[in-house]
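This report concerns only the one structure given below.
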Amino acid sequence: MQHLLRSSVTMQAGTATRVGMAKRKLTRRQAWRVQKVQQERVDRAQRRDEDYAERVENGELGPEQEGLVIAHYGVQVDVEGADGNCHRCHLRANLDTLVTGDRVAWREGAPTGVIEARVERSSELNRPNSAGELRPVAANIDQIIIVIAPRPEPHRQLIDRYLVAAYATGIEPLILLNKTDLLTTEDGREMLQMLEQYAALGYPLIQASTVSESGLDAVYSALRDRISVFVGQSGVGKSSLVNVLLPGVDQVVRELSTAADKGVHTTTTARLFHVPEGGDVIDSPGIREFGLWHMDRQTVEAGFIEFRPYLGHCRFRDCRHEQDPGCALMQAVQEGAIQPERIDSYRHIISSLASP
Ligand SMILES: Nc1nc2c(ncn2[C@@H]2O[C@H](COP(=O)(O)OP(=O)(O)OP(=O)(O)O)[C@@H](O)[C@H]2O)c(=O)[nH]1
Ligand SMILES: [Mg+2]
Ligand SMILES: [Zn+2]
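Residue numbers (my numbering): -3 to 352.
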């Protein structure tokens, strides 16, 4: 196995806490408590590592082997070994966070095995967490499947944000309209119009329903021979798709109907499944917002693929494509070459960037 990342900066978590804490003024007592908590964390990690060395010496751990991270839960992960079974494992203290889809070197053990190293990622889907820190969600993905549905109503901006993220990470996007059984004549027409716009841009599209089970063959073929991840708003039916595509899998599925449920995500951990027809699919927790503010303007611009022929053709080099005279993008909108909804999305994203 090549490119194994065995060690990195020790105690990443401790560093993050310190940075976050620095923003507030701490009383001496608080500062002392923070330090104490950090020290305890370091001690715990060290103890686990010493324990590990002992277990290796006593022959309590199996030989090093390759594995695939199926899901992660805080400090533990589920790893699929060569035997095809799932094993709960701890991480060596000096390893960075692992995510679903990571390839690792690990040793079997009871009750938990140990992950020793991670194979370098070929791709990584990141998103900022609630504290604004960029975190990987899944690794080694070939395809991002953006799931939308008539209900909850799709936000074009979210779709466009995913398309930009897919472009920026070099992962192929695909748009999947689920719940086609719910399409009424009116919203059906609107939805199809929107989908046609994306199709015209060259994005692949699939329509399916887990209720009527239509379109499933197209989903199977889209999943074949690659690792895909289902992303999108909560309640669009990502887990329902996994359940209907994979016999024997029973991901928790729930209607997001009551006000109390708002903002609650049924799926809380990304999990990888093997599709019997071939390929792997990762079910991921739904999201309401997908912040891209860590990106720069150039990346966002290039992520709107139909803008490309016009970029660099505005009268002013620093054109913001707003009211600027001689703007090539605005001209293209007027001529119908760029959809107004897309330029709206673009402006929203730009106005949300940390350094626009
Ligand atoms: N009518 C209809 N309902 C569906 C379809 N697929 C899923 N649903 C329903 O949509 C609701 C949400 O489904 P989930 O699979 O939990 O949605 P999710 O995208 O995994 O949600 P999170 O895990 O919160 O991100 C459930 O009540 C499903 O029964 C479909 O094709 N048609
Ligand atoms: Mg789900
Ligand atoms: Zn311009």
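Backbone N, C-alpha and C fix where the C-beta goes; we use that ideal spot for every residue, glycine too.
Remember, predicted model here, so these are calculated numbers, not experimental data.
Would you identify the three-state DSSP class for N239, choosing helix, strand or coil? DSSP places N239 in the helix class (H, G or I) of the three-state scheme.
According to DSSP, residues forming a beta bridge with D276: Partner(s): I223 and H270.
Closer than 7 Å: G211 CB and nearest ligand 1 heavy atom: Because no heavy atom of ligand 1 lies under 7 Å away, the Cβ of G211 does not count as near it: no.
Okay, do the stretch 219 to 231 and the stretch 134 to 141 touch, 3+ Cβ pairs below 8 Å being the bar? Three or more pairs of CB atoms, one per stretch, sit closer than 8 Å, so the stretch 219 to 231 contacts the stretch 134 to 141.
Over the uninterrupted beta strand (DSSP E) stretch that includes P169, give me the two end residues. Its beta strand (DSSP E) spans residues E168 to L173.
Return helix, strand or coil for A255, following the three-state DSSP convention. Low confidence applies to A255: its pLDDT is 47, below 50, so where it sits in the model is not reliable, and the reading given next is rough at best. Three-state DSSP puts A255 in a helix.
Measuring CB to CB, does I66 end up less than 8 Å from E50? Between I66 and E50, the gap from beta carbon to beta carbon reaches 8 Å or more.
Please classify P169 as buried or exposed, where buried requires at least 16 other C-beta atoms within 10 Å of its C-beta. Residue burial annotation: P169 is buried, with at least 16 other C-beta atoms found within 10 angstroms of its C-beta.
Whole angstroms are fine: how far does the CA of R152 sit from the CA of T176? When rounded, the distance between both Cα atoms is 18 Å.
According to DSSP, V248 sits in a beta bridge with which residue or residues? Answer is none; V248 lacks a bridge partner.
Cα-Cα separation, S280 to S236: Near 12 Å, if we compare the C-alpha coordinates of S236 and S280.
At least three beta-carbon pairs within less than 8 Å, the stretch 145 to 161 to the stretch 315 to 329: Flag = no, the stretch 145 to 161 and the stretch 315 to 329 do not touch.
What is the rounded straight-line gap between the Cα of A135 and the Cα of N54? In a straight line, the C-alpha of A135 is about 34 Å away from that of N54.
As assigned by DSSP and simplified to three states, the class of T96: The three-state reading of DSSP puts T96 in strand, counting E and B together.
Nearest CA to the CA of D98: which residue from H68, D320 and K32? Ranking H68, D320 and K32 by Cα distance to D98 puts H68 first.
Assign Q139 to one of three DSSP states: helix, strand, or coil. The answer is strand: DSSP assigns Q139 an E or B state.
Could you check whether the Cβ of T263 sits closer than 7 Å to any heavy atom belonging to ligand 1? Placement of the Cβ of T263 at a distance of less than 7 Å from at least one heavy atom of ligand 1 is found.
Is V245 near N239, with beta carbons less than 8 Å apart? Contact flag set, yes.
At least 3 beta-carbon pairs within less than 8 Å: the stretch 337 to 350 vs the stretch 286 to 297: Because the criterion of three Cβ pairs below 8 Å is met, the stretch 337 to 350 and the stretch 286 to 297 touch.
If you check the beta carbons only, do R44 and H86 fall under 8 Å apart? Against a cut-off of 8 Å, the Cβ pair of H86 and R44 comes out as a contact.
Is it a yes or a no for the stretch 267 to 277 touching the stretch 113 to 128, going by three-plus beta-carbon pairs under 8 Å? The stretch 267 to 277 makes no contact with the stretch 113 to 128, as fewer than three CB pairs between them are under 8 Å.
Let me know if I229 comes out buried or exposed under the rule of 16 or more other beta-carbons within 10 Å of its beta-carbon. In the sequence on display, residue 229 carries Gln and not Ile. Answer is buried; the Cβ neighbour count reaches 16.
G109, buried or exposed, once every other Cβ within 10 Å from all chains shown has been counted against 16: Buried, by the Cβ-count rule.
Would you call A18 buried or exposed, if buried means 16 or more other Cβ atoms sit within 10 Å of its Cβ? Reliability of the predicted coordinates at A18 is poor, the pLDDT of 46 falling under 50, and no value is obtained from them.
Short of 7 Å in beta carbon distance, which residues of its chain neighbour A256, apart from the five on each side in sequence? Order them along the chain. Because A256 carries a pLDDT of 48, less than 50, the predicted location of this residue cannot be relied on, and no value is offered for it.
According to DSSP, is A350 helix, strand or coil? Note: A350 maps to coil in three-state DSSP.
With DSSP run on the structure shown, which of helix, strand or coil describes A127? Reduced to three states, the DSSP call for A127 is coil.
Alpha carbon to alpha carbon, what distance is there between L121 and G282? Cα atoms of G282 and L121: separation of roughly 14 Å, rounded to the nearest angstrom.
For D74, list the residues DSSP reports as bridge partners. DSSP lists A67 and R84 as the bridge partner or partners of D74.
Of all residues in the structure, which have a C-beta closer than 6 Å to any heavy atom of ligand 3, taken in chain order? Near ligand 3, meaning a beta-carbon closer than 6 Å to one of its heavy atoms, we find C310, C315, H317, D320, C323, A324 and L325.
Near Y199, which residues of its chain fall below 8 Å by C-beta distance, leaving aside the five closest residues on each side in sequence? If we look at Y199 and ignore the five residues flanking it on each side, its Cβ neighbours are L159, P169, L170 and I171.
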